[in-house]
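Per our numbering, the sequence shown starts with residue 8, numbered consecutively.
Okay, so here's the structure we're looking at.
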Amino acid sequence: MSNSFRPRGFGRFSLFPPIIKNLLIINAAVFFLQLIAGNFLIGGKPGLYVLQEWFALNPLVEGANFQVWQLITYQFMHAGFGHIFFNMFMLWMFGMEIENIMGSKKFLYYYLICGVAAGLAQLFIAPLFTLPALTIGASGAVFGVMIAFALLFPDRLIFLWFLIPIKAKYLIGFLFVLEIFWIGDAGSNVAHLAHLGGAIAGFIFIMMDKQIDVTLKHMFNKSYYRTTEKPPNLFSGITERFRKKDDEVKEAKYYDIKDDEDEKITQEEIDEILDKISKSGYQNLTEKEKKTLFEASKKMN
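Given below as structure tokens:
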């Protein structure tokens with residue numbers, strides 16, 4: 008059974024979830040194909056030219072070879088090593104936790120939707136500011152992933168140049184504003200409107216999705232949908248679930264966990280684990296903490 012259809016829960020977080028891993032592999036393979044294509048002729052034309060003619064996003068101008076499928080295929084082509092490295096690093100860094108939370112199937116939809124929206128912005132809006140040109144790269148889709156991270160983990164610290172700590176909402180918000188200022192930069196080869204298109208599509212997706220609001224709450228609660236009052240942050244739903252008194256239980260100061268050590272877990276321990284998740288992410292929990300949280304969640308359901 009693929010991970011896309013498995014019930015989501017503890018123990019399923021991965022540094023390389025399936026869609027992220029496959030996207031990295033496919034992008035690397037296509038980039039390698041681009042490198043070797045330049046050494047061959049196809050129909051009397053350089054191989055790289057043919058690849059771009061059919062699979063890069065061609066502008067809507069006379070003489071260009073626009074095809075509908077290019078809204079997908081352009082996302083897997085890149086202009087150079089720096090281009091693909093930066094995009095894939097950002098995809099992995101910001102997308103890893105997003106896929107683990109959304110689930111692989113929804114994350115794939117999200118990623119491709121952001122990429123298509125980026126392409127549409129480049130086709131229809133960019134010509135108002137710059138000359139039409141071929142567009143390649145995953146940057147628009149990756150920008151959508153970054154927006155999702157900023158919305159779901161707004162206070163997560165990101166170390167700029169591995170030295171300067173800055174909250175995700177400030178860093179990604181600043182990059183979004185920069186893209187707006189750079190829209191009319193005619194001398195740039197960067198598709199700024201594609202970045203904005205992917206980011207805006209991602210924002211709308213997150214805001215409209217009924218399941219995203221609860222994020223990790225599904226690990227503790229069978230209901231996937233919003234409450235009438237929006238939780239103040241990503242893990243508040245989990246915290247409230249544990250801190251809420253069960254009407255059917257008169258006293259619940261601790262939970263019994265049957266394991267090799269026959270330990271009991273207190274509410275304070277749960278709170279400490281939840282605080283740790285909020286600050287540094289689920290993947291930074293120890294195996295004991297993951298097991299403790301998993302067993303406690305089963306007691307709550």
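Here a beta-carbon is modelled for each residue, glycine too, at the ideal position from N, C-alpha and C.
As the structure is a prediction and not an experimental result, all values here were calculated from the model.
Own chain residues within Cβ distance below 7 angstroms of residue i, not counting five before or after
i	result
Ala63	Gln77, Tyr81, Met84, Leu141, Thr142, Ile143
Met103	Leu22, Pro24, Ile27
Ile49	Val57
Phe183	Ala206
Endpoints, the beta strand (DSSP E) within which residue i is located
i	result
Pro172	171-174
Phe166	164-167
Where the alpha helix (DSSP H) through residue i begins and ends
i	result
Leu30	25-44
Asn107	88-109
Tyr81	No alpha helix (DSSP H) holds Tyr81; DSSP gives it neither H nor E.
Gln59	54-62
Val75	Here Val75 belongs to no alpha helix (DSSP H), and DSSP marks it neither H nor E.
Ser146	146-159
Phe212	199-215
Proximity below 9 angstroms, CB of residue i to CB of residue j
i	j	result
Ala198	Met153	no
Ile132	Leu200	yes
Ala71	Pro139	yes
Ile79	Val123	yes
Chain-order list of residues whose beta-carbon lies under 8 angstroms from that of residue i (same chain, five-residue window excluded)
i	result
Gly45	Pro53, Gly54, Leu55
Lys260	Note that Lys260 scores 44 on pLDDT, short of 50, meaning its location in the model is unreliable and no value can be drawn from it.
Supposed contact pair residue j and residue i - C-beta distance, whole angstroms, cut 8 angstroms
i	j	result
Ser208	Gly151	Position check: residue 208 holds Ala in this sequence, whereas Ser was assumed. At roughly 6 angstroms, the Cβ-Cβ gap stays under 8 angstroms, so Ala208 and Gly151 are in contact.
Phe156	Ile105	6 angstroms
Pro66	Leu170	The Cβ separation is near 40 angstroms, so there is no contact.
6 angstroms Cβ shell around residue i - same chain, five flanking residues per side excluded
i	result
Leu115	Ile26
Under 8 angstroms, with one C-beta from each stretch per pair, do the segment 111-128 and the segment 175-182 reach the 3-pair mark?
no
Cβ pair count under 8 angstroms reaching 3, the segment 87-94 against the segment 105-113
no
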